[in-house]
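Participant: All residue numbers for the sequence shown refer to numbering that gives the first Met the number 0, where the first residue is 0 and numbers rise by one.
The structure is given below, and queries will be raised subsequently.
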Amino acid sequence: MTRIAVLGAGKIGEALLAGLLAAGRPASDLAFSERHPERSAELTERLGVASAGVEEAAAGADVVVVAVKPQDIAPVLAELKGALRPGTLVISLCAGLPTALFEGGLPDGTPVVRVMPNTPMLVGEAMSAVSGGAHATAEHLQVAQDMLAAVGRVVSVPEAQQDAVTALSGSGPAYFFYLVEAMIDAGILLGLPRAVAADLIVQSAYGAAVMLRESGDHPVLLREAVTSPAGTTIAAIRELERHGVRAALIDAIEAARDRSVELGRTVQQR
Ligand SMILES: NC(=O)c1ccc[n+]([C@@H]2O[C@H](COP(=O)([O-])OP(=O)(O)OC[C@H]3O[C@@H](n4cnc5c(N)ncnc54)[C@H](OP(=O)(O)O)[C@@H]3O)[C@@H](O)[C@H]2O)c1
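Rendered as structure tokens:
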């Protein structure tokens, strides 16, 4: 069995631990490291997973998952450097940090896999993209993919595409939350109680997402199927086109990609 140590059990670290346990990993194969003793004790009680210092957790692991904020990475790398056993796989969930940064701070030849997850990991529905560093083999990538499959879906992309992934799926849930919020406002404008409008829209979003995922059909086909001649949907689509919603989304996601590149540079210069 692969022993996994999660360094930084905040929102994402905890979601990963919970997902691995729910997928049947025994708690004895897992460990985590957290800065605050109260948080550690509370997590151990809730999940049944032992906590340890960074060095101890890493020394006993086959896979070390780094889930601290990008700005907290330097002290973690310094502690990891002396503690990693040869061949231990390091999986980074840190947004914007390249595999080269880990490789430069860890023993020569350390295999590193970079992952961009997203917050639906909290409900076992993450979308994660993995990229291997210079010393990561296909087998290492597979270990990372198998681990992340416990908390959602996984794709593999070249590392150069990680800023695009960040803009699409990393920030993606926020765009949907924003759309849902706007559509609930529309329901209120039309005289519906807020709770009813929210129910209508949240279930419609969920149903549409399941249709997209389960059918695998192109979204255009699914939309055309509910767009009848001279009907209500086409009246709404005309307004969306008139307001440039498609162009706004493309521009928004391009801006998120540019910001991801910029943030990556800032973190690396620290
Ligand atoms: N949340 C998201 O939507 C999301 C999406 C994609 C990727 N990510 C990435 O996932 C990582 C974690 O994000 P998060 O939202 O889970 O952050 P978070 O809730 O702040 O969790 C990070 C945890 O790591 C702890 N920590 C920091 N330094 C440590 C150290 N030296 N030893 C042990 N524990 C340490 C922090 O403790 P303190 O409370 O003391 O700081 C905190 O509990 C980030 O790199 C982020 O870029 C997050």
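Heads up, the beta-carbon is just placed ideally off N, CA and C, and yes, glycines get one too.
Just so you know, these numbers come straight off a predicted model, no measurement behind them.
(1) What residue range is occupied by the uninterrupted beta strand (DSSP E) comprising arginine 113?
(2) Candidates Ile249, Ala21, Leu42: which alpha carbon is nearest phenylalanine 31's?
(3) With respect to 7 Å, is the separation between the Cβ of methionine 115 and the closest non-hydrogen atom of ligand 3 below this value?
(4) Any idea if alanine 255 is buried or exposed, counting beta-carbon neighbours within 10 angstroms, 16 or more meaning buried?
(5) Find the nearest neighbour of isoleucine 3 within the set Ala137, Ala229, Asp145, judged by alpha-carbon distance.
(6) Find the nearest neighbour of serine 50 within the set Ser91, Leu79, Asp71, Val5, judged by alpha-carbon distance.
(7) Please report the straight-line C-alpha distance between glutamate 253 and glycine 243, rounded to a whole angstrom.
(8) I need the boundaries of the beta strand (DSSP E) containing glycine 151, first residue and last residue.
(9) What separation, rounded to the nearest whole angstrom, lies between the Cα atoms of arginine 34 and valine 195?
(10) Quick check: the Cα distance between leucine 221 and threonine 231, rounded to an integer number of angstroms?
(11) Could you pull out every unbroken alpha helix (DSSP H) segment of at least 4 residues lying fully inside the segment 48-131, listed in chain order?
(12) Can you determine whether any heavy atom of ligand 1 sits closer than 7 Å to the C-beta of proline 69, and answer yes or no?
(13) Who are phenylalanine 31's beta bridge partners in DSSP?
(14) Entirely within the segment 209-252 and at least 4 residues each: give me those alpha helix (DSSP H) ranges in chain order.
(15) Measuring only the C-alpha atoms, how far is isoleucine 200 from alanine 173?
(16) Can you confirm whether the segment 8-18 touches the segment 120-129 when touching is taken to mean that 3 or more C-beta pairs between the two stretches lie within less than 8 Å?
(17) Taking 7 Å as the cut-off, is the C-beta of leucine 16 nearer than that to any heavy atom in ligand 1?
(18) Note down the Cα distance separating aspartate 216 from leucine 167, rounded to an integer number of angstroms.
(19) The alpha helix (DSSP H) that contains glutamate 138, what's its start and end?
(20) Determine the extent of the alpha helix (DSSP H) in which glutamate 13 is found, giving its start and end residues.
(21) So is glutamate 240 buried or exposed if we call it buried at 16+ other beta carbons inside 10 Å?
(22) Please report the distance separating the alpha-carbon of proline 71 from that of arginine 152.
(23) Under a three-way DSSP split, which group does leucine 191 fall into?
(24) Have a look at serine 214 and alanine 234 and give me their C-alpha separation to the nearest angstrom.
Facilitator: In terms of the structure at hand:
(1) 111-115
(2) With respect to the C-alpha of phenylalanine 31, the residue from Ile249, Ala21, Leu42 having the closest C-alpha is Leu42.
(3) You won't find ligand 3 in this model; what it holds is ligand 1.
(4) buried
(5) Asp145
(6) Val5
(7) 15 Å
(8) 151-155
(9) 43 Å
(10) Between leucine 221 and threonine 231, the C-alpha separation is close to 16 Å.
(11) 53-58, 72-82, 98-104
(12) yes
(13) Val5, Ser50
(14) 218-224, 231-241
(15) For isoleucine 200 and alanine 173, the gap between their C-alpha atoms comes out near 16 Å.
(16) yes
(17) no
(18) 19 Å
(19) Its alpha helix (DSSP H) spans residues 137-147.
(20) 10-21
(21) exposed
(22) Contrary to the premise, residue 71 reads as aspartate rather than proline in this sequence. Between aspartate 71 and arginine 152, the C-alpha separation is close to 27 Å.
(23) coil
(24) 26 Å
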